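Top to bottom, those sequences are chains R and U. Numbering-wise, the UniProt record's numbering puts 28 at position 28 of the first sequence, and it's gapless, one number per residue. Numbering-wise, the UniProt record's numbering puts 681 at position 681 of the second sequence, and it's gapless, one number per residue. Glycine residues also receive a C-beta, built at the ideal position from the N, C-alpha and C atoms. All figures in this text were calculated on a predicted structure; none of them were measured in a lab. Report on the structure given below.
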Amino acid sequence: MYIYRLVFLLVLAIYIFSPNILDWWTSPGNVWYSPYLIWAGLIAIGFWLEWRRDPNEF
Amino acid sequence: MSFSPSGLLLASLLYLILLFGIAWFTEKGMVPRRWVRHPLVYVLSLGVYAGIWAVYGAVGMAAESGYGFLAYYLGISGAFLLAPVLLNPVMRIGRAYQLTSLADLFAYRYRSQWAGTLVTLCSGGAILALLSMQIQAVATSASILAPDTSPAVISVMFSLIVVLFAMLFGARRDQNSENHQGLVLAIAFDSLVKLVALLVLGGVILFGVFDGMSGLESWLDNRTSPATTMTLSIDDGSWRALMLMSFAAALVLPHMYHMTFSENPSPKALAKASWGLPLYLLLLGLPVPLILWGGQELAVTTGPGFFAIGAAQAMESPALTLLMYIAGLSAASGLMIVSTLALAGMALNHVVLPLKTPKDQGDIYRWLQWIKRLLIAVIIFLALLFHEVVGKNLDLSILGAISLSGTLQLLPGALGVIYWPEGNRRGLIAGLVVGLAIWVVTLVLPFSHTANLLAWLDAPLIPDYSNWHIFTFVSLTANITVFALISILSTSTSEENSAAQACSLGALSRPQRRELLATSSSDFVRQLAEPLGYGVARREVERALGQLKLPNVEYRPYQLRRLRDQVEINLSGLLGPSVARDMVKRHLGFKPMAQGGTAQDIRYVERALGDYQNRLTGLAGELDNLRRHYRQTLQNLPIPACSVGEDGEILMWNHAMEALTGITADDVVGARLMALPEHWHLLLDDFNRGPDLHRYKHRLDLRGKPHWLNLHKAALSGPDHTEGGSIILVEDQTETRLLEDELMHSERLASVGRLAAGVAHEIGNPVTGISSLAQNLKLETDNPDILDTADQIQQQTRRISTILQSLMNFARTGNHAQANRYEPVAIHRCVEESINLLSLSDKGLGIHYVNDCPPSLQVLGDEQRLVQVFVNLLANARDASPEGGTIRVSGKGDGYSAIIEVVDEGSGIPGDQLDHIFEPFYTTKAPNKGTGLGLSLVYSIIEEHYGNVQVESPANADTGRGTCVRLRLPAYEPETGTIAISQNQRS
């Protein structure tokens, strides 16, 4: 269960700071599609994790 | 640019007919199964989440709060990226216990019908707003395109088509497949249409309105207003609320639960969706800023919410306009169909069935199907009513907020299923009631302009469009607090605890081993026939038997308990977990517990652990390895062993036990000792109940042969294991017993041999006397008759002497104490002596012995032991020969070997016995005629002489009779000038 508590803590942290993160993404200096680029990066990490995952793993 | 109402209606109908066609062709099996079950289809079908938001709502929100609209997509993307820890456990529980909705999950986990009903009512109330939002979007978009049409007519017609579709393709319940494949493919098609339409519109705006990326960049550079360039600062509160609601949606929205878990083709597809759905939503969100800017640039007159249609209209492209209308239609219809279906299933299981259990129904499946169809119609009707009375006056975004904040109340309970085993039904229901009450008072009533209690009470904060998120958080916090407090303060029932264990991560349910009232699967049918009717009861029991791969009639207690679980799971899929549980509890009950407690179902736990094999890691993995090691030790123990529970149920049956009894573990583990064949049952049951801990040399006739068994027993209970039961070891003493018998027999024979040698010696003296007297007689007479008689007397006495000598020699051969004395031995003489010995006990069969061995053939060996070889071979040949038969012994030199063949004309040896004839105690002769040791002795003596034995049967291929025993021994070549003299020659 330890790993789940860590995940929970991480998710909570991201959730709390998410408005600031988005403000940073959409700050005037960035190109209009920069939020999508970072989002796509997250998806790529998700894809990589799923690809490497042992089917028997929890 | 506008369309005629009839043209718009025709386009809508054509699209919906296309949707019907896809679903229909899929149901008929005309679309390859691998396409339907492809993860891509699954991912696209999950796109139902976006609904009308994707096409209209997102652009509207982007106009107001910039990139804040992304919260609606990012929340659920986060939930899917966390699928391994969030969605997989729910899917595992749902699949294992056939829980098809969130209400089922709650009713199963919290063991409460009320929990299920409350979840259904909460979802129903919240979803009405969402359905109203879809209807409103379709009606408004239609009235934009064709200003003459009445929105009410559009709403009704659209709702009717949705009802028809959901009834036809969603209410069907296929017993072999829980999935609605036609529906899934149609919804996936809906999602695809929506995505393609938005991307096309985004592309057309980018290249048609802004002349590509550079044009857009310079257009943005020329705008300084943050509202125009979407660089508005995010409003923290509403962003967080929307993000949380979107995150929760993956679990608590009825249509998302239905598509994610109930229509899931495989765990692999969910793994693909963990990144596939976020990618799909990213693509859906990508054109949103472009559409907004395009609408602004084209000075579209519609509100920002309908910029998608307005921009297409402003570009004077009827095709693009129609495409966007169809995209909205498809998004709305997909969401409405799936959420109505999911809600109808929940209402059936948790509102209708608890009130009215289908008794005396001819066909319960058909009855359920019709009730579900009726519920679909009722739900859509209510949604339409809500829309006409309240919904059409509200903004799309506030409708969404009301709906999502209502379903958000289910999140604490849903997370509690996986992560908080201490949560109980009292806490859940109290938390839900409090949360929902706050939701109704602060959000539903004020925004629907029904009653604004907070305003009446002059509260410091009154709900409005800018602070709705505060009330969302207040209701959720109150819900969580009450849930946690009451769960901690109140006690959970044991039933709840076991369900919580079954649901929590990595836990195994540890059921008790109790005895069912039913003693066979036929009893199951009889007992279930009462609530279900005979036909349905039989079908359900047969289905469960088939799923567990059990025989048609099952009687083993362990398998009956499994069957009971499977029947409950299947009925849960049919009637919901609460009704199924009540039915199974009432009609497939256990016998009252004896002695205050029962043992754990070791076999069940073992099987469950076996299924977990590869998932156990760390300490659990090590413990599992240790368990496997000890289990294997017991299984491979070369002594037959079995363990028996206190109630006489067999818990373990090892391999040696299988070999001894010829009964496989699969057949008896989980059964009673009573279920064993009678002789085993009498022996083991009697011994298990009796006071003796050991029983020696118990005779048991198995497969027509007597066996002698030693039994030992030990109690299993001890300080670390309080449960009763015993372990029984069964030692097979048959071989030892046979050896003992043979030893006694040999001892008797040896005594007889020693007696015979003594007798021979004693007879020798008078015979020598007779011979001397005959010699004297010859010297004292010239009478030729008397001389002839004296000669004959001498000849006979010599014969007696030879026989006696042979007998004494043979009696000496049993003495193995001396090392073998190897000397040159003439085979001819050995054979001759053996024939002489056998003649003594010739049974008058007139057997002719022919000794064809050349006198020169010699081997190096112990003459007495070689005589023993030939005596045994010739005796066997004699016993097999017919009356007057001939036994021929021939010999020849072959290089350094001497080959001696003993050939008879007997019946031969069957092929299947040839492999065994040299084994000790193997005999084909009648009892008391042979010991089975003769050929074994021959084999060992020839081995000692560095030779080998071959047996050919039949010896004569023409007649198919006779046996040839061929001995190959190292030949002796006398060296020149030295003639070896054997012991016999010297004597």
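query: From P954 of chain U to V902 of chain U, what distance separates their C-alpha atoms?
result: Cα-Cα distance, rounded: 13 Å.
field: DSSP state of A898 of chain U mapped onto helix, strand, coil
entry: Strand at A898 of chain U.
query: On the three-state DSSP scale, how would you describe A62 of chain U?
result: Three-state DSSP puts A62 of chain U in a helix.
is_contact[W24 of chain R, chain U] using C-beta, thresh 8 Å: By the rule that beta-carbons nearer than 8 Å mark a contact, W24 of chain R does not touch chain U.
- prompt: Unbroken beta strand (DSSP E) runs of length 3 or more, entirely within the segment 93-143 of chain U: which are they?
  reply: If only uninterrupted beta strand (DSSP E) runs of at least 3 residues are considered, none is enclosed by the segment 93-143 of chain U.
query: From R240 of chain U to P32 of chain U, what distance separates their C-alpha atoms?
result: Separation of R240 of chain U and P32 of chain U (C-alpha to C-alpha, rounded to the nearest whole angstrom) is 43 Å.
- prompt: Thinking just about the alpha-carbon of each residue, which of U:Q913, U:L284, U:G589 and U:Y558 is nearest to the one in V605 of chain U?
  reply: When each option's Cα is compared against that of V605 of chain U, the closest is U:Y558.
- prompt: Assuming P824 of chain U and Y972 of chain U make a contact with CB atoms under 8 Å, what is their CB distance in whole Å?
  reply: The Cβ separation is near 4 Å, so the contact holds.
Where A40 of chain R meets chain U, residues with beta-carbon distance less than 7 Å: Per Cβ cutoff of 7 Å: L282.
- prompt: What residues in its chain sit with their C-beta under 7 Å from that of Q527 of chain U, if we drop five residues either side in the sequence?
  reply: For Q527 of chain U, where only same-chain residues beyond five positions count, the Cβ hits under 7 Å are A518, H587 and L588.
7 Å Cβ cut-off: residues of chain U touching F47 of chain R: Chain U residues near F47 of chain R: W275.
task: Starting from M455 of chain U, find everything on chain R with Cβ-Cβ shorter than 8 Å and list it in chain order.
output: A quick correction: the sequence has Ala, not Met, at residue 455 of chain U. Against A455 of chain U, chain R offers no close residue; the least beta-carbon distance is about 29 Å (beta-carbon pairs closer than 8 Å).
- request: Rank U:A671, U:R799, U:V85 and U:Q775 by C-alpha distance to the C-alpha of T789 of chain U and give the top, closest one.
  value: Measuring from the Cα of T789 of chain U, the nearest candidate turns out to be U:Q775.
message: To the nearest angstrom, how far is the alpha carbon of V951 of chain U from that of R748 of chain U?
response: C-alpha separation (whole angstroms): 31 Å.
task: With a threshold of 16 other CB atoms inside 10 Å of the CB of P531 of chain U, please say whether the residue is buried or exposed.
output: Flag for P531 of chain U reads buried.
task: Could you tell me whether the Cβ of residue 988 of chain U comes closer than 8 Å to any Cβ of chain R?
output: Not covered by the structure: residue 988 of chain U. The range shown for chain U is 1 to 987.
query: For the alpha helix (DSSP H) that contains Y325 of chain U, what are its first and last residues?
result: Unbroken alpha helix (DSSP H) run through Y325 of chain U: P318 to A347.
query: Using a C-beta cutoff of 8 Å, does D236 of chain U count as contacting chain R?
result: Chain R, which has a Cβ nearer than 8 Å to the Cβ of D236 of chain U, makes this yes.
query: Helix, strand or coil: how does DSSP classify S982 of chain U here?
result: Per-residue confidence for S982 of chain U stands at a pLDDT of 41, beneath the threshold of 50, marking its modelled position as unreliable; the derived number appears in the next sentence. Note: S982 of chain U maps to coil in three-state DSSP.
- request: Determine, using beta carbons only, whether M245 of chain U comes closer than 8 Å to chain R.
  value: By this cut-off, M245 of chain U is not an interface position.
message: Distance cutoff 8 Å, beta carbons only. Does R240 of chain U sit that close to anything in chain A?
response: Absent here is chain A; the protein component of the structure consists of chains R and U.
query: Leaving out the 5 sequence neighbours to the left and right, which residues in its chain are closer than 7 Å to L323 of chain U when beta-carbon positions are compared?
result: So the qualifying residues of the chain are A197 and V200.
field: Sequence ranges, alpha helix (DSSP H) only - wholly within the segment 812-888 of chain U, length at least 4
entry: 827-840 and 863-880, all fully within the segment 812-888 of chain U.
field: Outcome for S772 of chain U when other beta-carbon atoms lying within 10 angstroms are tallied against a minimum of 16
entry: Its Cβ having fewer than 16 others within 10 Å, S772 of chain U is exposed.
Per-residue DSSP class, three states only, for A500 of chain U: A500 of chain U: helix per DSSP, three-state reduction.
- request: For the segment 421-459 of chain U, list the alpha helix (DSSP H) runs that are entirely contained and at least 4 residues long, ordered along the chain.
  value: Entirely contained in the segment 421-459 of chain U, the alpha helix (DSSP H) runs reaching 4 residues are, in chain order, 425-439 and 453-456.
Integer-rounded CB distance, given that V889 of chain U should sit under 8 Å from V850 of chain U: Their Cβ separation, rounded to whole angstroms, is 7 Å, which keeps V850 of chain U and V889 of chain U in contact under 8 Å.
query: Do D904 of chain U and A875 of chain U have their C-beta atoms closer together than 8 Å?
result: When the beta-carbon positions are compared, D904 of chain U and A875 of chain U stay at least 8 Å from each other.
task: Output, in chain order, the set of chain R residues within a Cβ distance shorter than 7 Å of G215 of chain U.
output: What G215 of chain U touches in chain R: nothing, since even the nearest Cβ is about 13 Å away.
field: Beta-carbon spacing of A750 of chain U, L807 of chain U below 8 Å
entry: Cβ atoms of A750 of chain U and L807 of chain U: not closer than 8 Å.
task: Determine the closest residue to K705 of chain U out of U:R695, U:L711, U:D732 and U:G725, with distance taken between C-alpha atoms.
output: Answer by Cα proximity: U:D732.
- prompt: Rounded to a whole number of angstroms, what is the C-alpha to C-alpha distance between residue 1001 of chain U and Y108 of chain U?
  reply: Look at the range of chain U in this structure, 1 to 987, and you will see that residue 1001 of chain U is not part of it.
task: Give a yes or no on whether the minimum CB-CB distance between A414 of chain U and chain R is below 8 Å.
output: For A414 of chain U, the answer is no, since every Cβ of chain R falls outside 8 Å of its Cβ.
field: Inter-residue CB distance, I161 of chain U and L16 of chain U (contact presumed, cutoff 8 Å)
entry: The beta-carbon distance between I161 of chain U and L16 of chain U, rounded to whole angstroms, is 5 Å. This is short enough to meet the 8 Å contact definition.
- request: Can you check DSSP and say which residues form a bridge with G610 of chain U?
  value: Residue pairing by DSSP places G610 of chain U opposite no residue, since no beta bridge is assigned to it.
- prompt: Which whole-angstrom value describes the C-beta separation of Q134 of chain U and A332 of chain U, a residue pair presumed to lie in contact below a C-beta threshold of 8 Å?
  reply: The C-beta distance from Q134 of chain U to A332 of chain U rounds to 4 Å, short enough to fall under 8 Å.
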